[in-house]
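Working notes, beginning with the structure itself.
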Amino acid sequence: MTRGGYLAREAWGVYRLSTWQLSPDASLWRAVLWAQVGDAETQPVISHRSALALHGASLDNPVKIDLTLPPEKRRITRRQPPPAVRLHFRSLRDDEKTTVDGLPVTTMFRTIVDLLIDREAKDAVSYVMAHGVQDGKLPEAEYRRLRPLYDLDAELLDRILNEHRSK
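Sequence positions in the sequence shown follow the numbering used here and run 2 to 168.
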């Protein structure tokens, strides 16, 4: 089908109809679909810096696409991820996931928690904490929940989050 020009190979195991236009989010779709090759049950979620950008709350364009997978899916790493993809393994509740333009993505609250735990994008998190409510990117109730966590040590934050989940 690719030789006939009907399909275009996008990545290992990921093809598209050659007559379809690429969307601006094509690289994100490729990453999500890559994680599902051979295991359609896998529920990859765009997270971290990539989620911040999708939510329109980032001042920069992330270099890598961050995907979070359930911890039990670590076996996917036997297959090397594409160079543009960085994998994270965490359990996510349904209320920590949403969609943006049809793409599975962590909620703004969960995105900020992940960035705080992993000590990433402190500048972007600071920007969202300072401007998110007035820009409409962060609901005030979520801001109030995040504010005490903002200055916590990442290890303590992770422990608190895990204890909250087990209740």
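In this text, a Cβ means the ideal position worked out from N, Cα and C, and glycines have one as well.
- Counting only runs of 3 or more residues that sit fully inside the stretch 38-91, the beta strand (DSSP E) segments are 66-70, 86-90, in chain order.
- Scanning its chain for C-beta atoms nearer than 6 angstroms, with the 5 sequence neighbours on each side dropped, one finds around Asp115 the residues Ser48, His49, in chain order.
- Assignment of beta-bridge partners to Lys98 by DSSP yields Thr107.
- With distances taken between CA atoms, Arg120 lies nearest to Tyr151 out of Leu139, Tyr151, Val134.
- When secondary structure is reduced to three states using DSSP, Lys138 falls in the coil class, being assigned neither helix nor strand.
- When the Cα atoms are used, Pro140 and Asp40 turn out to be separated by approximately 35 angstroms.
- Contact annotation: Ile113 and Val126 have beta-carbon atoms nearer than 7 angstroms.
- The beta carbon of Pro45 lies closer than 6 angstroms to those of Val33, Ala36, Leu68, Leu70 in the same chain, with the five residues before and after it left out.
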